[in-house]
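Number of protein chains: 2
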Amino acid sequence: MAVESSPGPLDASRLEIKAVPNPKATPDADNPDLMSLKTSTDRMITASWNEERGWTNPQVVPYGPISLMPSASALQYATQCFEGMKVFRGYDGRLRLFRPLYNCERMLKSATRICLPAFDPQELLKLIHKLCELEAPKWLPKDKPGSALYLRPTLIGSDSSLGFKVPDEAQLYIFMVYWPAPKSVTINGGTAPQAGTRLLASRTSAVRAWPGGTGAAKVGGNYGTALMEHGIAKKQGYDQVLWLYGPDRQITEAGATNIFVIWKTSSGALQIATPPLDKDGLILAGNIRRSIIELARDMFSTVTVNKELQCEVLERKITMGEVEESSRSGRLMGVFVVGTAFWIQEVSEIGFNGESIKVNIGATTHVLLLRERMTEIMFGKRESDWVDIVQESG
Amino acid sequence: MAVESSPGPLDASRLEIKAVPNPKATPDADNPDLMSLKTSTDRMITASWNEERGWTNPQVVPYGPISLMPSASALQYATQCFEGMKVFRGYDGRLRLFRPLYNCERMLKSATRICLPAFDPQELLKLIHKLCELEAPKWLPKDKPGSALYLRPTLIGSDSSLGFKVPDEAQLYIFMVYWPAPKSVTINGGTAPQAGTRLLASRTSAVRAWPGGTGAAKVGGNYGTALMEHGIAKKQGYDQVLWLYGPDRQITEAGATNIFVIWKTSSGALQIATPPLDKDGLILAGNIRRSIIELARDMFSTVTVNKELQCEVLERKITMGEVEESSRSGRLMGVFVVGTAFWIQEVSEIGFNGESIKVNIGATTHVLLLRERMTEIMFGKRESDWVDIVQESG
């Protein structure tokens, strides 16, 4: 990946740390305010860039409003991209990031797609580590394992020219909000009752992403334009939109998560399938998506696995016609969605063409086992090279 | 059009006007800083909205930075839309807006598409009049006719929740920047030499808009995602991207403007054609676009028009194959692009598939006549019900 090295690269070693004048009290985990996803930690990291000078020294500053001209490129032309990550407090008392370099590399790809400046993903990762080191100990105390903070690295075009052009000024900031623990996460292998997510298939008149668009990049424009269809789904009592594409109603994503189907082929063999990342760029290459594919292959598709669990794991086009047919013929064993924000959630129903496709939850134990394994890795119950340990002083 | 009327509607009659502590000096018209499109007038109008309370009283405040939380919906999920308009200082000393209600109504459509709050377009129009009344006299003095300011009404989601949801807070602001006079505008009918705009056709891997997307709305996401292709065109020495769509390479827009073709049919009849606004919503319904269609019909397609000028004016699908074929057979008489920002510009060349299609400038006088007519209307040389006069005190 091309990394801009001059002028002034993003350099985590030059981080300047400012004191926090008014540290907040940490909220109780069951504080209803947390559900608003507005509760940030005390500080954020910022760095700004302009075309001539490059990147300024990054700074740790109190979390608070940023100032932009009304004409700023990010507000007029949506020159903006972001990442979503979490830092976890493990049962061994340590802080972990989950495959974080992948997010940093994807952020560079998103930035490039939306004509925002380049940076070395390793430097971004160092900044993320530093912010976690400074903020997480207070917000994720060692005596509260199983908790997490959600990290949001954001890059925006701050150029104040109204001209339609590549921004010559930009701002990077990294902040964290308190994230309520999903009720279905159970570290001890128990199966907490879960209602299941209900998806409403998108109408043909609403398309999330298209070939030559930005579906594969994490840019703001993908999200705002999806809100209207999301609102329609919510109004009908569904949780998320199931985004379809093309005349054959291919499944692409669900809400802002990736989707997997578990079914039996006509010969009776079990498959876990997810739509492929093809050249059309319709699908965001999720970090949890790839991890689930890798884990599922490792856990379920080797010859040593017990017969009941054994299945093929594949990336392939999935159409609604196939889902309907598998449901009708009793071959649909499960559907689940995965993403950093909302983890791994089973789908209980898909609304499509005015009909409801019911999906069994728990018909197989694959999702349960995958969730358990991911939870073990993230919260330090199982050794894995997928996690970065955040160093804490003292 | 549905207009939200409670709680608290947007109400221009409640406008509160604040003093300007430090008025700026007006720049000279040839000041090179003006080219940056960063030179605003002294004041802007703002109003904020939240779901419970509705709209606050609008305020006239000094133009300056706005403050947003880093998590603001507009910065994360591109919940943002805008309009582009101009206010003109006429040769009769009066200030005019060009068909401004159309822009206000389109802004409501864009806002609705991106799940931002509704407002009465008539109230927005009143606010725009008021800002012009307050600001334009200083910036467009009566002794400098033929000048214009560019207006940018903007609506953004300011909700600071990181959750993916319809914003429950928003901010409206209206500001104006000094706009350099395009060199080709000539009020006295002279034909200033014009180099012509050079367009590079988009690659199949870059698509501006898609059925079910937001191509017909003026939302930020349409613009940032187009910057990469724009950069490729610029690097190759072109001025704008000619946005094509579909396997038959339909022409949709050029840069952020609408496009017209003048050609002879195989039977030798003259046509002015522009792509249609169809249900796919690939094309922004430009104010200048519709005005040019109406004017051209009025000026060129009635039986009383002189033979040389007589032509059919139609909205129809136009493919690159047709443009190429008309060029090869000598039937391509002209191409021009129209928009509020850059007016009416003739195209001299289209780069397509590695070839260059040269387009004659001035092969017919239609563009010249249209530009002249539009200029006469905007700058008060001709009576028209297309313009709103801005009331000035004193």
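Line by line, the protein sequences give chains A and B. Under the UniProt record's numbering, the residue at position 34 of the first sequence is numbered 34, and the numbers go up by one with no gaps. Under the UniProt record's numbering, the residue at position 226 of the second sequence is numbered 226, and the numbers go up by one with no gaps. Glycine included, C-beta positions come from ideal geometry on N, C-alpha and C.
Under DSSP, Asn258(A) shares a beta bridge with Val338(A). Only Tyr150, Arg152, Thr154, Ile156, Gly157, Ser160, Ser161 from the segment 138 to 161 of chain B bring a Cβ to less than 8 Å from some Cβ of chain A. Comparing alpha-carbon positions, the option among Lys165(B), Phe82(B), Tyr77(B) lying closest to Gly220(A) turns out to be Tyr77(B). Looking at the DSSP output, Arg43(A) shares a beta bridge with Pro62(A). Under the Cβ criterion of 8 Å, Gln80(B) is counted among the residues facing chain A. Here the C-alpha atom of Asn31(B) lies approximately 11 Å from the C-alpha atom of Tyr178(B).
Sixteen is the threshold: since fewer than 16 other Cβ atoms of the shown chains lie within 10 Å of the Cβ of Ile389(A), the residue is exposed.
In terms of Cβ geometry, Lys317(B) and Pro276(B) form a close pair [threshold 8 Å].
Counting every other CB atom within 10 Å of its CB across the protein chains shown gives Arg53(A) a total below 16, marking it as exposed. Contact residues of the segment 60 to 77 of chain A toward chain B are Tyr63, Gly64, Pro65, Ile66, Ser67, Leu68, Met69, Pro70, Ser71, Ala72, Ser73, Ala74, Leu75, Gln76, Tyr77 (C-beta to C-beta distance below 9 Å). Residue pairing of Glu315(A) in beta bridges, as defined by DSSP: Thr274(A). In the three-state reduction of the DSSP assignment, Lys86(A) falls in the strand class, which pools E and B.
Chain A has a Cβ within less than 8 Å of the Cβ of Ala256(B). Ser202, Arg203, Thr204, Ser205, Ala206, Val207, Arg208, Ala209, Trp210, Pro211: these are the residues of the segment 197 to 211 of chain A whose beta carbon lies less than 9 Å from some beta carbon of chain B, given in chain order. In terms of Cβ geometry, Ser326(A) and Val313(A) do not form a close pair [threshold 8 Å].
At a cut-off of 8 Å between C-beta atoms, Ser36(B) counts as an interface residue with respect to chain A. Non-local C-beta neighbours of Met320(B) in its own chain, meaning closer than 6 Å and more than five positions away in sequence, comprise Arg249, Phe352, ordered along the chain. In the displayed model, Met69(B) falls within coil according to three-state DSSP, outside both helix and strand.
Excluding the 5 residues flanking it on each side, Pro27(A) has same chain C-beta neighbours closer than 8 Å at Asp33, Leu34, Thr39, Tyr178, in chain order.
The beta carbon of Met228(A) sits closer than 8 Å to some beta carbon of chain B. Counting only unbroken stretches of 3 or more residues, the beta strand (DSSP E) elements lying wholly within the segment 112 to 195 of chain B are 148 to 157, 169 to 178, in sequence order. At a cut-off of 8 Å between beta-carbon atoms, Phe300(B) makes no contact with chain A.
The beta-bridge partner set that DSSP reports for Asn50(B) consists of Gly54(B), Glu169(B). Excluding sequence positions up to five before and after Glu16(B), its CB lies within less than 8 Å of the CB of Asn57, Pro58, Gln59, Val60, all in the same chain and listed in chain order. The criterion of a C-beta distance shorter than 8 Å is satisfied by Ile344(B) and Met374(B). Excluding its 5 nearest sequence neighbours in each direction, Leu332(B) has C-beta neighbours in its own chain below 7 Å: Trp263, Val323, Ser326, Val359, listed in chain order. Pairing Cys132(B) with Arg96(B), the inter-Cα distance amounts to about 9 Å.
In the DSSP assignment, no residue is bridged to Cys104(B).
At the C-beta level, Ile114(B) and Cys81(B) come within 8 Å of one another.
What Val219(B) touches in chain A, judged by beta-carbon distance under 9 Å, is Ala78, Gly221, Gly224, Thr225, going in chain order. Contact check between the segment 81 to 90 of chain B and the segment 139 to 154 of chain B: three or more CB pairs, one atom from each, fall below 8 Å, which counts as touching. Contiguous alpha helix (DSSP H) elements confined to the segment 225 to 260 of chain B occur at 227 to 235, taking only those with 4 or more residues.
When Cβ-Cβ separations below 8 Å define contact, Ile45(A) makes no contact with chain B. For chain B, the residues of the segment 108 to 122 of chain A that bring a beta carbon within less than 7 Å of one of its beta carbons are Arg113, Ile114, Cys115, in chain order. For Val390(B), there is no enclosing alpha helix (DSSP H); the enclosing beta strand (DSSP E) covers residues 387 to 390. For Pro21(A), the number of other beta carbons within 10 angstroms of its own is below 16, and it is reported as exposed.
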